[in-house]
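Asker: Take this structure, written in structure tokens, and hold onto it; I'll ask about it next.
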Amino acid sequence: MANAPSAELVVVPCLADNYAFLVHNDATGETALIDAPEEGPIREALRKRGWTLSDILITHHHHDHIGAVDALRPGARVIGAKADAHRLPPLDLQVAEGDTITVSGQTTHVIDVSGHTIGHVAFHMPDAGYAFTADSLMALGCGRLFEGNAAQMWQSLKKLRALPEDTQICSGHEYTAANARFALSVDADNPKLISRIEGITQARADGQPTIPSTLREEMLTNPFLRADDPAFKGVLGMADASDEDVFAHVRAAKDKF
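Going by this note's numbering, the letters in the sequence shown line up with residues 42 to 298, in that order.
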């Protein structure tokens with residue numbers, strides 16, 4: 042759990058390796074849910090704290106992110122991407138990149154992060170310092186390119202990388218240990234990565250989530266954010282390649298890892 046002024050963040054493990062997130066404003070009593078993989082754990086997290094959902098924010102259409110929306114929606118406003126509305130549960134508010142909404146008292150910016158899917162959005166709460174990135178930017182990784190292409194995902198990641206470095210990246214899965222093994226395979230001499238892996242190993246041994254991570258951590262250790270880093274290009278033997286080609290190479294290598 043992390044805290045920011047008037048914004049308490051609760052990480053809710055769901056299914057085998059998903060995360061949902063609750064953002065609660067104690068002053069107003071509002072509670073927002075970001076993604077709804079599974080009803081039971083989310084209801085229990087709410088019950089334990091005496092909270093009631095005011096909003097449900099959806100990042101993308103995959104079932105492991107929307108499966109419990111209909112069960113949890115009575116009394117809550119459901120928000121998702123206009124571009125994805127045809128394959129999301131019914132939306133009370135349709136949003137697109139550049140829109141600003143207020144959720145749990147937090148100014149919330151909508152960012153199109155297409156790549157994993159077309160129409161995937163992230164939600165950034167700058168005052169609280171949270172970015173809900175689901176399957177776009179992940180801890181030490183990024184989502185598979187199921188619908189978009191490498192160029193789209195690289196542009197999406199650059200948008201997220203431009204956020205303040207202390208932003209807490211709230212991604213959608215506990216994939217960090219597996220992502221770390223791949224990252225080490227392409228960036229073995231990165232001391233920041235080696236140090237981070239030690240912390241990840243300990244957290245998982247203790248049964249603790251590795252999410253959220255800071256954007257600063259990701260910028261230093263996540264190979265998918267470093268496709269334009271000349272030093273990283275050199276490590277890969279791709280000093281003269283375009284940034285997009287380097288990103289595509291790393292993503293393809295991860296797919297085969």
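Glycine included, each C-beta is placed from N, C-alpha and C at the ideal position. Quick caveat: nothing in here was measured; it's all calculated off a predicted structure.
#1: Which residue comes first and which comes last in the beta strand (DSSP E) that contains N190?
#2: Considering only the alpha carbon of each residue, which of F173, R114, S236, T72 lies closest to S47?
#3: Along the alpha helix (DSSP H) that carries G81, what are the first and last residues, could you check?
#4: Hey, how far is the Cα of D111 from the Cα of A86?
#5: Considering only residues of the stretch 110-183, which uninterrupted alpha helix (DSSP H) runs meet the minimum length of 4 residues and lie entirely inside it, listed in chain order?
#6: Evaluate contact between the stretch 202-219 and the stretch 252-266, counting only Cβ atoms and requiring at least three cross-stretch pairs below 8 Å.
#7: Once DSSP output is grouped into helix, strand and coil, what is the label at N263?
#8: Tell me the rounded alpha-carbon separation between L94 and W195.
#9: Work out the CA separation of V64 and Y216 for me, nearest whole Å.
#10: According to DSSP, simplified to helix, strand and coil, what is D58?
#11: I need the straight-line Cα distance from L113 to Q135, nearest angstrom please.
#12: Report yes or no: is there a C-beta of chain B within less than 8 Å of the C-beta of P54?
#13: Specify, as a first and last residue, the run of the alpha helix (DSSP H) that Q209 falls within.
#14: Can you name the start and end residues of the beta strand (DSSP E) that A73 belongs to?
#15: Going residue by residue through the stretch 203-247, where are the continuous beta strand (DSSP E) segments of at least 3 residues, counting only ones entirely within it?
#16: Would you call R90 buried or exposed, if buried means 16 or more other Cβ atoms sit within 10 Å of its Cβ?
#17: Kindly indicate which three-state DSSP category I97 falls into: helix, strand or coil?
#18: DSSP beta-bridge partners for V52?
#19: Have a look at V52 and H103 and give me their C-alpha separation to the nearest angstrom.
#20: What I want to know is whether the C-beta of M194 ends up closer than 7 Å to one or more non-hydrogen atoms of the ligand SAM.
#21: Mind checking E49: buried by the 16 CB within 10 Å criterion, or exposed?
#22: Counting pairs of Cβ atoms below 8 Å between the stretch 135-151 and the stretch 161-181, do you hit three or more?
#23: Pick helix, strand or coil for S254, following the three-state DSSP scheme.
Answerer: Once the coordinates are examined:
#1: Element bounds for N190: n/a, residue is neither H nor E.
#2: T72
#3: 80-90
#4: 18 Å
#5: 110-113
#6: yes
#7: coil
#8: 34 Å
#9: 22 Å
#10: coil
#11: 18 Å
#12: In the displayed structure, chain B is absent; only one protein chain is listed.
#13: No alpha helix (DSSP H) contains Q209, which is instead part of the beta strand (DSSP E) from 209-212.
#14: 71-75
#15: 209-212
#16: exposed
#17: strand
#18: F62
#19: 19 Å
#20: Only the bare structure without any ligand can be found here, which leaves the ligand SAM out of the picture.
#21: buried
#22: yes
#23: strand
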